[in-house]
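This report refers to the structure that appears directly beneath it.
Numbering (the working numbering), first residue to last: 5 to 600.
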């Protein structure tokens, strides 16, 4: 009987040890899950802050012009608060100009172009508060500003109790093990005294045995309970992880900026829809690949990534020209950052970028306008001087013509001089038009009717072989708001250029359509396509510059004047050409408002 009692004590002791191991394993598992959830949340808010910084950077002017701009971002990303600090650490929306003091470590990170995250526990509301800091450049001053994003993670029911109860369970388990070791040792030491046992001792042994059997069943029940609890915690952890992952995906889908994330091995782990749209490629096939395998060794994206890895610090916004889908050229504004965990150890790299092709186009137009203004003023001054000298020459030519008989051989030379002077007069008028900022007399113009009249007049003045004319204009084409004389001059130049590009005949197509595009009212698009000689690729970017021409007898002022007229109407002109196959000009003009 005493041997049985010893075995039961040994079994009970083993079960208690097993229970202790399960308890420690459960606590370790829960702690690991909580850490992973916390790390994932910090990673999410870090990325969210960087995306928010890029969005604010690209639309910085709206902070002052739109009072709800920041609030709309807060609502969209689920942030408690977003604060934008200037270079001096002052909230730019704070009327009191209060300075926000940043921790030294955070200041050092943001100075390097890196993001940072800090945590605090809100015991009253039972939640973790996460505050992320992301630097960006003020597009106006090029000074470093900082976006602060505050978000919270609500703790699940029972989660907050795990850490508090873990200490108690560890102490209790340790105490139970010590007691069991003591009683187990005592049982084994007394097991050899069976010969000296009395009847009363036998009864006591039976009582102890019953107690141990009861304890055994109790321990088994606790083991089952722990297994069930472990299973429940695992299920909850998986559900929480899924929620966090889904939330991350929702954020990445909702932002307009492209996001590409890389792990420590520099393999692509994230490629959001905006990145696919901007780059014109399918990101799903690039997951798991290195940047160089995905985009090529000469890619500007990979050069920026390599620089970030070598310096181990992020890079604020820079501009890159890329080939979209391998062909179309695009400009992107891009920044990089090192992703770090709670221990401040690098876990990857992230590239955030946006499409700035339209902005670059507007910048080019502004530069073009500035050049035209300077050249126009210069040309205007020269034209006036030329006109004075030409007046003198023309006067002497007319005087000579009167003094010489009409049948004299010199009369032909005088007529040639006068013809050249008339040609120069036309050129001077174009120069003056280019340099003169004449006020527009805007009114609704029937563009359909105007184009047909221009074609009739131009074709009547064209020598054989004449090109074939195709007109494809909607009958309900809206009128455009334009200065009729100027817009007629612009389209006359474009149509005449198209005819001149086809000296051996060809096909001239004039078509139109209208639609609404972002940032503009209804827009009328007119396309003028020819099958002529085309424009060399290395010259097409310069065709709107004054005095640049591809014609042997051209002045180089026609297209420059067309460009100026279209821009003065708040319009836009584009050109595509292939040498030997033809050219197409597209003109975009605002439609007249429909009052009906």
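We treat Cβ as the ideally placed atom computed from N, Cα and C, and that holds for glycine. The structure presented is a predicted model; accordingly, all values stated were derived computationally and were not measured.
For the stretch 287-345, the full-length alpha helix (DSSP H) segments reaching 4 residues or more read 295-299, 304-315 along the chain. DSSP, read as helix, strand or coil, puts residue 465 in coil. Sixteen is the threshold: since fewer than 16 other Cβ atoms of the shown chains lie within 10 Å of the Cβ of residue 426, the residue is exposed. The Cβ atoms of residue 83 and residue 153 sit closer than 8 Å to each other. Remark: C-beta atoms of residue 87 and residue 95 approach each other more closely than 8 Å. The stretch 387-396 makes no contact with the stretch 352-371; the number of CB pairs closer than 8 Å stays below 3. Secondary structure note for residue 566: its alpha helix (DSSP H) is the uninterrupted segment 562-572.
Here residue 567 is buried. Its C-beta has 16 or more other C-beta atoms within 10 Å.
At a Cβ-Cβ threshold of 8 Å, residue 421 and residue 414 do not count as neighbours.
Judged by beta-carbon spacing, residue 363 lies beyond the 8 Å limit of residue 336, meaning their Cβ atoms are not closer than that value. Annotated three-state conformation of residue 580 is strand, per DSSP.
Within the same chain, and ignoring the five residues on either side of residue 290 in sequence, the residues whose Cβ sits closer than 7 Å to its Cβ are 272, 275, 298. The C-beta separation of residue 354 from residue 341 comes to about 5 Å, placing the pair in contact by the 8 Å criterion. The beta carbons of residue 485 and residue 596 sit about 5 Å from each other, so the pair counts as a contact at 8 Å. In this structure, the straight-line span from the alpha carbon of residue 126 to that of residue 114 is close to 26 Å.
Closest option to residue 518, judged by alpha-carbon separation, among 536, 551, 450, 482: 482. The Cβ-Cβ distance between residue 585 and residue 538 falls below 8 Å. Between the stretch 451-470 and the stretch 546-555, the count of Cβ pairs shorter than 8 Å is below three; the stretches do not touch. For the pair of segments examined, the stretch 104-112 was found not to touch the stretch 306-316: the number of CB pairs separated by less than 8 Å stays below three.
Residue range 488-504 is occupied by the alpha helix (DSSP H) that includes residue 503, with no beta strand (DSSP E) assigned at that position. DSSP, reduced to helix, strand and coil, places residue 94 within a strand of the structure shown. Exclusion of the five residues before and after residue 463 leaves 470, 473 as the residues of its chain whose Cβ lies within less than 7 Å of its Cβ. Taking C-beta separations shorter than 7 Å and ignoring five residues to either side along the sequence, residue 424 has no partners in its chain. Around the CB of residue 497, 16 or more other CB atoms lie within 10 Å, so the residue is classed as buried. Looking from the CA of residue 48, the closest CA among 117, 137, 67, 130 belongs to 137. Setting aside the 5 residues that flank it on each side, residue 449 is surrounded in the same chain by 483, 484, 486, 488, 491, each with a C-beta closer than 7 Å to its C-beta; the list follows chain order. DSSP, reduced to helix, strand and coil, places residue 232 within a helical segment of the structure shown.
In the three-state reduction of the DSSP assignment, residue 426 falls in the helix class. The alpha-carbon of residue 148 is positioned some 29 Å away from that of residue 132. Taking C-beta separations shorter than 6 Å and ignoring five residues to either side along the sequence, the partners of residue 270 in its chain run 294, following chain order. Taken atom to atom, the span from the alpha-carbon of residue 304 to that of residue 55 is near 20 Å. The shortest CA-to-CA distance from residue 432 to any of 561, 155, 589, 145 is the one to 561. According to DSSP, residue 472 shares a beta bridge with 511. Counting only the Cα atoms, residue 390 lies some 24 Å from residue 406.
When C-alpha distances from residue 129 are compared across 156, 117, 135, 110, the shortest belongs to 156. In the DSSP assignment, residue 264 falls within the beta strand (DSSP E) that extends over 262-267.
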